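For reference, the structure is listed below as structure tokens.
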Amino acid sequence: MSYERKMLEDLKMPTRKEIEQALLKSLFNNNGVIKEFGVGEKIVEEIANDFGLNEEQRTTYLETVYKKENRVKKSYLWHRLLFRAADSLAKEKLISRPTQTVLLTNKKEWMLTEDGYNRTLEILHIPLTQKEILPIKSYEVQKMVKKICEQERPENYNPFENKKTVKITRETKFRNRAFKQAIREAYDFKCAVCGMKIYSPNTLIWEVEAAHIVPHSVNGKDDILNGLALCRLHHWAFDVGWFTLEDNFKILASSRIKDLSAGFGKLENYDFMGQLSKENLIISLPKEENIYPHPKAIKWHRENIFCC
Ligand SMILES: [Zn+2]
């Protein structure tokens, strides 16, 4: 028996398969990404805690002899096992390597691929349909998010999807998820009107929604120039025409707000509807100007949805 194998048995370390599953679960609990495994990294401790590893299991060194350089390298056995499990998942194309992910997000992280995401949902007994709701990052979707954010901003933008030309490909299948992710990221997970930023207690689901300016129901594009991040209340108020935007992103509120009964549209002492009518209220916008909502989409909303 090899020196390493004996060590694994003596210490009763978890098996590669067990660690692989634990990694997939951790990726899921961390929105699809985890950092490289380094000393002091939270994730390394978290997974060790899940296995209930004792101090010895966490801190035993593995000595590797580098014959070429004639030196001995010492590293934590536990870190090595984590890396090997991740490496094996990457070989199966269930996760992307940090060297690959960094080119996409500028962060050295392991990231789930679509296949890895599917496998994880299977392990956790979560139906695949939940993918539309859960904001878990996947390599393929993030690739599309990047594409969406780097697209050109044509003067003569058409916010409508030409349904005839849309081919259902593997790409279009997760276009909607990429749209939601791109909008939420661009607006820093905050409502563009009120600034509300909040997630679920397990930190998985952001409250803020990606709203279409020209709605999906009339073939509005899943496109950042046709989108806006809004909390649920403002999303609703925007969709039914209580407010719209001017070309300079000022909020234009319906004159019908003043006709509302005294008890309507209020949250305790906060006048939710009245707030919209405040003068010179400008929405919060993304950092990069090229992904601001397009005036052509806003104009359509003003003329077709807004109740002046
Ligand atoms: Zn809001």
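When the letters of the sequence shown are read in order and numbered with the working numbering, they come out as residues 6 to 313. Glycine included, C-beta positions come from ideal geometry on N, C-alpha and C. Quantities reported herein were computed from a predicted structural model and do not represent experimental measurements.
- Its chain contains Asp227 as the residues whose beta carbon lies nearer than 8 Å to that of His221, once the 5 sequence neighbours on both sides are disregarded; these appear in chain order.
- Taking Arg102 as the centre and dropping the five residues before and after it, the same chain places the C-beta of Ala95 closer than 6 Å to its C-beta, in chain order.
- In this structure, the beta-carbon distance from Ala216 to Phe243 falls below 8 Å.
- In the three-state reduction of the DSSP assignment, Ile287 falls in the strand class.
- Annotation for Phe33: the continuous alpha helix (DSSP H) segment containing it runs 21-34.
- Taking C-beta atoms as the reference points, Pro19 and Phe56 count as a pair closer than 8 Å.
- Lys47: member of the alpha helix (DSSP H) spanning 47-56, first to last residue.
- Ala234 and Arg189 have their C-alpha atoms roughly 6 Å apart.
- Closest in alpha carbon position to Thr208, among Asn34, Leu13, Ala27, is Asn34.
- Taking 7 Å as the cut-off, the C-beta of Met201 counts as close to a heavy atom of ligand 1.
- The DSSP-derived three-state label of Trp211 is strand.
- In this structure, Ile141 sits near Tyr122, with a CB-CB distance shorter than 8 Å.
- Shown here for Ile128: same chain residues with a beta carbon closer than 8 Å to its own, the five before and five after excluded, namely Gln26, Leu29, Lys30 in chain order.
- Between Gly270 and Phe311, the C-beta gap is not smaller than 8 Å, which leaves the two residues out of contact.
- Fully contained in the segment 250-286 are the following alpha helix (DSSP H) runs of length 4 or more, in chain order: 277-281.
- Taking all protein chains in view, the Cβ of Trp241 is surrounded by fewer than 16 other Cβ atoms within 10 Å, so the residue is classified as exposed.
- Each of Gln147, Tyr66, Thr118 was checked against the Cα of Thr110, and the nearest Cα belongs to Gln147.
- The three-state reading of DSSP puts Met18 in coil, since its state is none of H, G, I, E or B.
- Judged by pairs of C-beta atoms under 8 Å, the segment 296-307 touches the segment 250-268, as three or more such pairs exist.
- As DSSP reads the structure, Tyr81 sits in a beta bridge with Tyr66.
- Approximately 5 Å separates the beta-carbon atoms of Ala187 and Ile229; this is inside 8 Å, confirming the contact.
- Taking the Cα positions, Ser205 is about 11 Å away from Val213.
- In this structure, Gly200 sits near Ser289, with a CB-CB distance shorter than 8 Å.
- For the 8 Å CB-CB criterion, Trp115 and Val38 form a contact.
- The continuous alpha helix (DSSP H) containing Val146 extends over residues 144-154.
- Taking 8 Å as the cut-off, the Cβ atoms of Asn231 and Val223 do not count as close.
- DSSP places Met116 within a strand segment (E or B) once states are collapsed to three.
- Beta-bridge annotation (DSSP): His217 is paired with Gly232.
- Relative to the non-hydrogen atoms of ligand 1, the Cβ of Leu94 never comes closer than 7 Å to any of them.
- The beta carbon of Leu235 sits closer than 7 Å to at least one heavy atom of ligand 1.
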